[in-house]
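Step one of this worksheet: look at the structure below.
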Amino acid sequence: MQNLGFILLAYLVGSIPFSHIFPKLKGKDVSQAGSKNIGATNALVVAGPIMGALALLGDILKGYLPVFLVLRYNPFPWVVIFVALATIVGHDFSVFLKFKGGKGVATTGGCLLAFDPVFAILVLLIWILTIVVSRYFILSTILVLAGLPWVMLILGLRGAIVWFALGACLLSFYTHRDDLKRLLAGQEIRADEAVGKFLSK
Numbered sequence: 002m003q004n005l006g007f008i009l010l011a012y013l014v015g016s017i018p019f020s021h022i023f024p025k026l027k028g029k030d031v032s033q034a035g036s037k038n039i040g041a042t043n044a045l046v047v048a049g050p051i052m053g054a055l056a057l058l059g060d061i062l063k064g065y066l067p068v069f070l071v072l073r074y075n076p077f078p079w080v081v082i083f084v085a086l087a088t089i090v091g092h093d094f095s096v097f098l099k100f101k102g103g104k105g106v107a108t109t110g111g112c113l114l115a116f117d118p119v120f121a122i123l124v125l126l127i128w129i130l131t132i133v134v135s136r137y138f139i140l141s142t143i144l145v146l147a148g149l150p151w152v153m154l155i156l157g158l159r160g161a162i163v164w165f166a167l168g169a170c171l172l173s174f175y176t177h178r179d180d181l182k183r184l185l186a187g188q189e190i191r192a193d194e195a196v197g198k199f200l201s202k
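If you read the sequence shown in the working numbering, its first letter stands for residue 2, the second for the next number, and so on.
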């Protein structure tokens, strides 16, 4: 029961919609503006850099803190895996937003940071590089998350972090399904175009 309690608590922490809360302080509703995604990127676009940064920090921390704590106080592999995934599920399907939410990228990053900070920084650098090469945020995100389990295995990482990466990858494919359809249809905006539009505001 205690382990189930940890998982439920992780889900509730993940459900805290920072990307919805901080823009609301400026009278902005991210669910009705921009891409309508309840995530840090849309918070940045809709409410500006300060609220966007606060939303990003909140989304990262709600992935980082539960995993950081469970790794130290209850490091059973299956508990760690489900606690980590529960934070992402909470972000994607928040109990506070009628089970709607964002896409979980920043929260996934927070979980990775708790598992292995050096590896998390490496993943961030690879993600940036793939954006430069592919010129699409969505394609870069999907490629990096899809490749995570395999890169971990190649680097010799084993255990809970690999299973977490596999679960996070599957969740990401689901939450990005509409973006993938637009990408395949040639309707997804390129990263340089998105940045240009934001800077021209």
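Quick reminder that beta carbons are idealized off the backbone N, C-alpha and C, glycines included. Note that this is a predicted model, so its numbers are computed, not measured.
Collapsing the DSSP output to three states places lysine 182 in a helix. By the neighbour-count criterion, in which a residue is buried when 16 or more other Cβ atoms sit within 10 angstroms of its Cβ, valine 90 is buried.
DSSP, read as helix, strand or coil, puts lysine 27 in coil.
The straight-line gap separating the alpha-carbon atoms of proline 150 and valine 163 is approximately 5 Å. Annotation for proline 78: Gly160, Ala161 and Trp164 place their beta carbon closer than 8 Å to its own, counting only its chain and skipping 5 residues before and after. Cβ-Cβ separation between isoleucine 39 and glycine 102: approximately 5 Å, consistent with a contact (criterion under 8 Å). The continuous stretches of alpha helix (DSSP H) do not include asparagine 38, and DSSP gives it neither H nor E. Around the Cβ of asparagine 75, a 10 Å sphere holds fewer than 16 other Cβ atoms; the residue is exposed.
Around the Cβ of lysine 63, a 10 Å sphere holds 16 or more other Cβ atoms; the residue is buried.
Rounded to whole angstroms, the gap between the alpha carbons of alanine 107 and isoleucine 129 is 14 Å. Here the alpha carbons of serine 20 and serine 32 stand approximately 10 Å from one another.
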